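Comments concern the structure below.
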Amino acid sequence: MKILVIADIHANIVAFKAVLSDVKDYDLILHAGDIVDYNPWPGEAIDLVKELGVKTVIGNHDRDSATGAPVGYNPYAEISCLWTHRRLTRKEKLYLLRLPETLTYDFNGVKVFMCHGSPNFPVDEYIFPPPTTPERYLKELVMKAGADVLILGHTHVPFIYKVDGKYVLNPGGVGQPRDGDPRASYVMMEVDGGEVRFEHRRVRYDVEKVADEILKVGLPEMLARRLYFGF
């Protein structure tokens, strides 16, 4: 079984479509939250996620864009969140708010747990690879999840880390990478006979097209500029 693992589309349908074109062959798409915000196509991103049958959890920007309550955001993110809130239809807001905080799967004996933040705080906690997040805490999270593979989003920083024979992975950001590489980031996960393999991939997309649209709709210039540098 070939599983496309993504996170943080953030209303960047240009990047999302580039990922889909790059992969071509997959059986399922898992998305670790944040369909909307930061970029200019929130409704279109939701439509594409639904059309493709993407299995997704709720992210903090999904929740806060739907409620219009960006608590603790930096000024640029607050402007973007409120803009997205105004742009979303009532139906789209309800769709986002009804997304689950966690999803679990069993793929031929490989147990998968997915959330945006962490099993302790499913929507809001930031988890990075060690040493930023201590390995002992990753062990705690894997144990709490009861999974062979723990899939997270939120940080936009990709990593695949093995701990006690289990895996913690973040596929990185599709719509707004933050690891110094502007290319859209994703992971291919293949499950075969109870064994699991991962491949982290990057794909270029038309950043200029997205940046121009960000400015056209009146979102902060900083949100356009950062896409060129992947920060």
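Numbering (the numbering used here), first residue to last: 1048 to 1278. Glycine included, each C-beta is placed from N, C-alpha and C at the ideal position. Model, not experiment: these values are computed from the prediction.
Per DSSP, Y1142 is one residue of the alpha helix (DSSP H) stretching across R1137 to L1144. Here H1078 has I1053, V1101 and T1103 as same chain residues with Cβ atoms under 6 Å from its own Cβ, once five neighbours each way along the sequence are excluded. Put simply, of Y1085, K1097 and I1082 the residue whose alpha carbon is nearest the alpha carbon of L1075 is K1097.
Annotated three-state conformation of E1091 is helix, per DSSP. Around the beta carbon of L1197, 16 or more other beta carbons lie within 10 angstroms, which makes this residue buried. Three or more beta-carbon pairs separated by less than 8 Å are not found between the region 1174–1191 and the region 1129–1139, which leaves the two stretches without contact. The region 1188–1205 makes contact with the region 1219–1226, as at least three CB pairs between them are under 8 Å. Assignment of K1071 by DSSP, reduced to helix, strand and coil, places it in the coil class.
In this structure, V1157 and G1277 do not form a Cβ contact; the two beta carbons are roughly 31 Å apart against a cut-off of 8 Å. Secondary structure in the region 1159–1215: the alpha helix (DSSP H) runs of 4 residues or longer, each lying completely within the stretch, are 1182–1192 in chain order. By the neighbour-count definition (other C-beta atoms within 10 Å, threshold 16), R1251 is an exposed residue. Only buried fits D1111, as 16 or more other CB atoms lie within 10 angstroms of its CB.
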